[in-house]
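Here is the structure we will look at.
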Amino acid sequence: MRWLRARLGVVDGERGSALVEFVFIAIVVFVPLVYVVAGFSAVQRGVFASTAAAREAGRAMGTAPDPVTGAARAEVAARLAVADQSIDATDVRVAYAPAGAGCGAAGSYRPTLTPGEEFAVCVTVTVRIPLLPEFIDANTATGQFLVERDRYVDG
């Protein structure tokens, strides 16, 4: 068997080095790859949560009998939709914008829920990326849903 090793160029001093090389490559390549996949998954979960929360909050606000009840329903609906994506419900902000305005203009506008009114519901969710400190809150996902109140409602 020695002649086969000598012919193939295998040196006895390198015995077991393949295992060391594999472990080194696994640590250098696979661990960061798993972290990147986990980070992208967290961001995508935040995008899904903000979009679903905006849609549900818009539906709750659009079908409410008055603005106060609608705002309360929208807040609960948004928190429920965000919790469905396993995101902490304290990281949610619901705001409203006039029709045609983006979510950057949201905040001071309050829908009156008059028949035929159009407005946008904007939900901002803070995305927590694994292994990053909690005080980093610059990672946000914003979902927008345009609500058109029915023209033939009582009110």
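With our numbering applied, the sequence shown corresponds to residues 398 to 552, in that order.
C-beta: ideal position from N, C-alpha, C; glycine also.
None of the values given here were measured: they were computed from a predicted structure.
Shown here for F532: not one same chain residue has a beta carbon closer than 7 angstroms to its own, the five before and five after excluded. Restricted to the stretch 463-509, the beta strand (DSSP E) segments that are unbroken, complete and at least 3 residues in length are 489-495, listed in chain order. For A486, the CB contacts under 7 angstroms within the same chain, skipping 5 residues up- and downstream, are R476, V479, A480 in chain order.
Across the set R546, T539, E545, I526, the C-alpha of I526 shows the shortest separation from the C-alpha of Y432. Beta bridge pairing from DSSP links Q541 with C519. In the DSSP annotation of this structure, the continuous segment of the alpha helix (DSSP H) that includes Y432 starts and ends at 428-459. Per DSSP, E418 is one residue of the alpha helix (DSSP H) stretching across 414-422. In the three-state reduction of the DSSP assignment, V524 falls in the coil class, being assigned neither a helical nor a strand state. Residue environment: L510 is assigned as buried (16 or more neighbouring CB atoms within 10 Å of its CB, all protein chains considered).
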